[in-house]
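A short worksheet on the structure shown next.
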Amino acid sequence: MHGVPKFVALAAAALTLITLAGCTSTPTPTASASAACEPAKGKVTLNYWSWIPGIDKAVDKFNATHPKIHVNLKTVVSASAYQNLFNALKAKNAPDLAMIEYASLPSFRLQDGLTDISGCKPVANLKKEVAPWTYNQVTLGTKALYATPTDVAPLAMYYRKDIFTKYGIAVPTTWAQYEEAGKELKAKNPSIALTSFSSGDAGLLLSLGWQNGARPFGYSGEKVVLDMTSPAMTKVADYWQNLVDEKLVNTDLQIFSPQQYAAWNNGTIATSIGAVWQSAVMESGAPGAKGDWAVAPLPQWTAGGSASANYGGATTAVIAGTRHPYEASVFADWMSTSKTAGPFIYAAGGLLAANHGSTDAEIQAPQAYFGGQQIFAEFEKASRNIDTGFSWAPDQTNVNNYLSDAVVKSLAGNGTLADALGATQQKAVADLTSQSIEVTVKH
Amino acid sequence: MTSMASPKPSDRPRIASVRRWRSWATRVGFLSPFYIPFALFFLLPIGYAVVQSTLGIHRSGGVFGTTSTYFEGFGQYLQVFADPDFQSGILRVVLFAVFQVPVMIVASVAIALLLDATAPRVAALFRSLYFLPYAVPGVIAALMWGALYVPDTSPLWAAGIHIDLVNSQLVLPAMANIGLWAYGGYNVILFVTALTAVPTELYEAAKIDGASAWRIALSVKLPLIRPTIVMAVLFNSIGTLQVFTEPEVFRTISRVVSSGYTPNMLAFNAAVGNGYNYAAAVSVTLAVVTFIISFGFLRLVQGRGRA
């Protein structure tokens, strides 16, 4: 068999050369400018990816009322949605629109995955129609507009009314009171933890920093500014480290795990710090605790305050390469501000980003799972006092991974949560530098 | 009958070269159904990964400026070796393999020997039972076992045995157990098949010499299936060095498992964060380490065998 090994070697060499040639790419242009945003002549078909259950009904309503635009919905699995979208962008067959969370928008911008629709007439009035802090999240601090805010996810404190009543503990309104409540509870019933603290939930720690006015990530000119070890952020980390040290929190419960649902169900944790969408998760994951949970505002750093933060929430983003930015902006605007889209977002456990949402009937509807409490009204109040200057990092997925790995180390006894922030910041600097991004560190 | 005129001397080189070309074309034609997919789905991705690991990103115009990829050389590999996550990950999987592979092989060989000494129908039934877990997809197996380990849903905890197999260092043996359950049956079938190839006259001869069943198993059967054992050790080692499914699933239920717990996870999570160049470097390094270890093992074993 003389010729065959040679054939293999030749083929391998040829393929490697082809790969090499194809790999060194030409410079990619930045997100397409807003210059050409004109309506198309004739009917336009748009592709939209989303994972919200029931959003197909909203899309049907849109298609029924917009004869010249037809939106094709592709329901994606939320766990792999972004990975698939990045792959589609690389393969140049990405959809026109996609649901992207606020925290991931900068990552998509970094990969040149978004289209600027600031020059499109349908979204000209968007700024006045949505909550101010959400507008900053979709412009990413620039004059461009990459997405429309669809829903918001303000944080509040879920708590077990029955446990607090049974042990005669006052519902805390400040973080100091929260710690006291935890100590009281531990003294009266050591088998119930104040709350859970999960290493896989790094984003929550950052959002709690947001509540305290921290801005761990920012952009200044051409650089990224990291400030993960600022006094505001460190204060939050030290507070939770203290709760962990005093064994007031359960660190064994990972978010969305079976044990977390069991704990919500069995009453082995007394409170849960979470966003509005957690209500839907609790309803389906812990049905046995129906009527026992209630919602109170997030504990405050200063008595009488009402600050909250956002944790989650998604936008309708216009993806790079779309051939119909005008029609895409029509749909994006509709998803964000129309009264027709509203009910479907509420049904999925979200709160509207649009200003008109504050007067919707759904906000006032009593929620059976929460003993008839109007929890959406509670969350709507929380959404009014959120710092507008908070930004997410352009490599947020990596930062969240670094943070949760660092928290894993802290929980194992190697350092404090404040150290975890420092370690995460160091890794983030290395990661951004390896992508040729200039970084400055404030603290 | 007309006979072909014998070729003229001046025609011979031309005919010979045509024949050589035809024979080459036939060989390639029969082998290309293997070599073409081999090149496309094996060589090409490896080549692509190696090339990707040598590329870097150049950015001009600030954070969100224009990017271009350029050839950076093998500097990325220095980063990989200096990465503490990679170092601890490699150490972890090597230790994991050192403990799990011998247990797996000894257990599978023991079961195979027992099955070989049992009545055929009974043996066939047990063989199928042992093989069943292999049919369970890796992620499902990890989720199921996770539910059995986690205190809130574990029957062990309900029965009063309070060992934390998820949020302690016992999570590694816990994951090894899942591997044993899932792949044990596969190895058993491998050894049982090898044992059926052993000529039964040898057993008769041993019995005549007064060997007990135990002695036959140790001194006759085992040495004769040695090549299969070596192959099984090789495959199991490669599998454990590249372990991914169980730790990645356990990340969602354990606070002990980080995103770079094993080198394969490190590569995967780097790629998920759009760090394809680094992920490629980690993957290639892991492949090379696996290759060195398995090749080294083969050399060691075959060197001794040549007595």
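Order-wise, the sequence lines are chains A and B.
Just so we're aligned: the first sequence equals residues 1 to 443 in the numbering used here.
Just so we're aligned: the second sequence equals residues 1001 to 1307 in the numbering used here.
From the three backbone atoms N, C-alpha and C, an ideal C-beta is built for every residue, glycine too.
- Our two residues, G305(A) and L1266(B), have alpha carbons roughly 42 angstroms apart in a direct line.
- At a cut-off of 9 angstroms between beta-carbon atoms, S1017(B) makes no contact with chain A.
- S383(A) and V152(A) do touch by the CB rule: their CB atoms are close to 5 angstroms apart, below 8 angstroms.
- Here R1059(B) carries a strand assignment [DSSP, helix/strand/coil].
- Between the segment 389–405 of chain A and the segment 216–223 of chain A there are three or more inter-stretch CB-CB distances shorter than 8 angstroms, so the stretches are counted as touching.
- By the CB criterion at 9 angstroms, E1246(B) and A1141(B) fall inside the cutoff.
- Neighbours of F1041(B) in chain A, taken as residues at a C-beta separation under 9 angstroms, are lacking, since the least C-beta distance is about 11 angstroms.
- R323(A) and Q137(A) have their alpha carbons spaced roughly 24 angstroms apart.
- The CB of D395(A) comes closer than 9 angstroms to the CB of G1273, N1274 and G1275 in chain B, given here in chain order.
- Of all residues in the segment 241–255 of chain A, only T251, D252 and Q254 place a beta-carbon less than 8 angstroms from a beta-carbon of chain B.
- Secondary structure note for Y48(A): its beta strand (DSSP E) is the uninterrupted segment V44 to S50.
- In the structure shown, the three-state DSSP call for F1038(B) is helix.
- Sixteen is the threshold: since fewer than 16 other Cβ atoms of the shown chains lie within 10 Å of the Cβ of M1144(B), the residue is exposed.
- CA-to-CA, the gap between A1270(B) and A91(A) works out to about 19 angstroms.
- Within chain A, the residues whose beta carbon sits less than 8 angstroms from that of V1256(B) are V408 and A412, listed in sequence order.
- Going by C-alpha positions, T397(A) is about 9 angstroms away from A103(A).
- For L206(A), same chain residues with a beta-carbon under 7 angstroms away, outside a window of 5 residues either side, are P216 in chain order.
- Leaving aside the five residues that flank N242(A) on each side, the residues in its chain whose CB is nearer than 8 angstroms to its CB run, in chain order, E179.
- In the structure shown, the three-state DSSP call for A94(A) is coil.
- Leaving aside the five residues that flank N1277(B) on each side, the residues in its chain whose CB is nearer than 7 angstroms to its CB run, in chain order, Q1052, S1053, L1055, G1056 and Q1076.
- Contact note: N401(A) reaches chain B through S1259, N1269 and G1273, using a C-beta cutoff of 8 angstroms and chain order.
- Between G285(A) and N266(A), the C-beta spacing is not below 9 angstroms.
- Per DSSP, P1084(B) is one residue of the alpha helix (DSSP H) stretching across P1084 to D1116.
- Put simply, the CB of G1185(B) is far from chain A, with every gap to its CB atoms at 9 angstroms or more.
- The C-beta of S1212(B) has fewer than 16 other C-beta atoms within 10 Å across all chains shown, which makes the residue exposed.
- Near chain A, meaning a CB-to-CB distance below 9 angstroms, the residues of the segment 1059–1089 of chain B are R1059, S1060, G1061, G1062, V1063, F1064, G1065, T1066, T1067, S1068, T1069, Y1070, F1071, Q1076, Q1079 and D1085.
- Contact fails between the segment 1087–1095 of chain B and the segment 247–261 of chain A, because fewer than three Cβ pairs, one in each stretch, are under 8 angstroms apart.
- As for any alpha helix (DSSP H) of minimum length 4 sitting wholly inside the segment 331–409 of chain A, the runs are 342–347, 361–364 and 375–382, ordered along the chain.
- Residue pairing for A317(A): DSSP places it in a beta bridge opposite A98(A) and A147(A).
- Interface flag for R1092(B) against chain A is unset, since no Cβ pair is found closer than 9 angstroms.
- With its beta carbon at least 9 angstroms from every one in chain A, T1262(B) lies outside the interface.
- Residue Q435(A) holds the alpha-carbon nearest to the alpha-carbon of H1058(B) among Q435(A), V439(A) and T440(A).
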